[in-house]
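Structure first, then comments.
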Amino acid sequence: MKKIAIYSFIIMSFLVKSQSFDVVPLGIYGGEKEDNLSSYLVSVSGKNQFLCLDAGTINSGINKAIENKIFNTDEATVLKDYIKAYFVSHGHLDHVSGLVINSPADSKKNIYVIPFVKDILLNQYFTNEVWANFSDEGAGAIGKYHLNAVEPQKIFEIPETEFKAQFFELSHTKTHLSSAILINHQGNYLLYLGDTGADRVEQSKKLENLWENIAPLVKNKSLKAILIEVSFPNSQKENLLFGHLTPNLLNEELSKLAQLVGKEHLKGLNIVITHRKPTGKNSEIIAEELRKNNPFQVNLVFPEQGVKLSF
């Protein structure tokens, strides 16, 4: 019996150690479903110290997670105490509306953005015309949120969490920047991308730069998951993508990563598909197209609102 108990303890310890990140989707879609828009909580496994990756939906997602017994507390505690900071990838409504509308009920927090996005939040949302200025800058500043504009590729720490992070610029149409965040916890990594077009379509090298930077992490298996958007089915014409990916374009981009690391290193890599547009049956079609054409044998994950993922 003692041996069985020891082996069970060793196995459980290994499982806990191997799962570095908890991810709780508060919203998974890229439009229309105002109660289920892009927003993902990420924490060190087993700890309620979350960074919120985009904030299209907050309140409804927290309540769904409570219904699913992910959180054994009330909505206000998750919002005020468990969420320690926000990362906003870009300024579009389906990525910020939850943050803006819940700001009166929130506690003091840091918001992390690239400089391009800080200007949008201050000049378009926290203006005292569209919404009260809950930032700590400008006219009528209430002082609840501090907007940290971090230069791309600079490594920084996120207080009240155990994370270090790094931003990368993305092209979400040729005139609108988006961004990705690479999260580091003790040498284990998670990558979240905001909206992005493919380099070829966007006439950009921003994804190429990102793949070059994460290639060593893929090769040594320290990158636990990539959360990346696929907004439209393959039937969507490229001139009507407006800075988004299709299943074919995701594979086009993954092929570039495969060239850097070797195809064998992509096998089993967790790829979480975010930001599917829910129009008609788009969401189901995207999932089916990805499953049918998975040349690199990645582990495709289709998140559900309020259902925890562990990596």
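Numbering of the sequence shown is given in the working numbering, commencing with residue 1056 and proceeding in unit increments.
For glycine and all other residues, C-beta sits at the position ideal for the given N, C-alpha and C.
DSSP places L1232 in the strand class (E or B) of the three-state scheme.
The alpha carbon of F1076 has as its nearest neighbour, out of S1093, I1138, S1098, K1332, the alpha carbon of S1098. If you compare the alpha carbons of A1131, K1311, I1210, V1143 with that of L1106, the shortest gap goes to V1143. The residue from E1308, F1366, N1289 with its alpha-carbon nearest to that of E1339 is N1289.
Residue nearest to V1362 within the set T1112, E1122, T1329 is E1122 (criterion: CA-CA distance). Scanning its chain for C-beta atoms nearer than 6 Å, with the 5 sequence neighbours on each side dropped, one finds around D1109 the residues S1093, S1094, S1144, H1150, in chain order. Only buried fits I1328, as 16 or more other CB atoms lie within 10 angstroms of its CB.
In this model, S1286 and S1115 are separated by some 22 Å (Cα to Cα).
In the three-state reduction of the DSSP assignment, P1080 falls in the strand class. Cβ contact annotation for E1087 (same chain, cutoff 8 Å, sequence separation greater than five): K1332, P1333, T1334, in chain order. Looking only at L1177, I1236, H1240, the smallest Cα-Cα distance to L1262 is reached by I1236. Around the CB of G1242, fewer than 16 other CB atoms lie within 10 Å, so the residue is classed as exposed. Spanning the alpha carbons of L1177 and E1257 requires a straight line of approximately 27 Å. Looking at the backbone, the Cα of I1125 and that of V1133 are separated by about 11 Å. In this structure, G1153 sits near G1111, with a CB-CB distance shorter than 7 Å.
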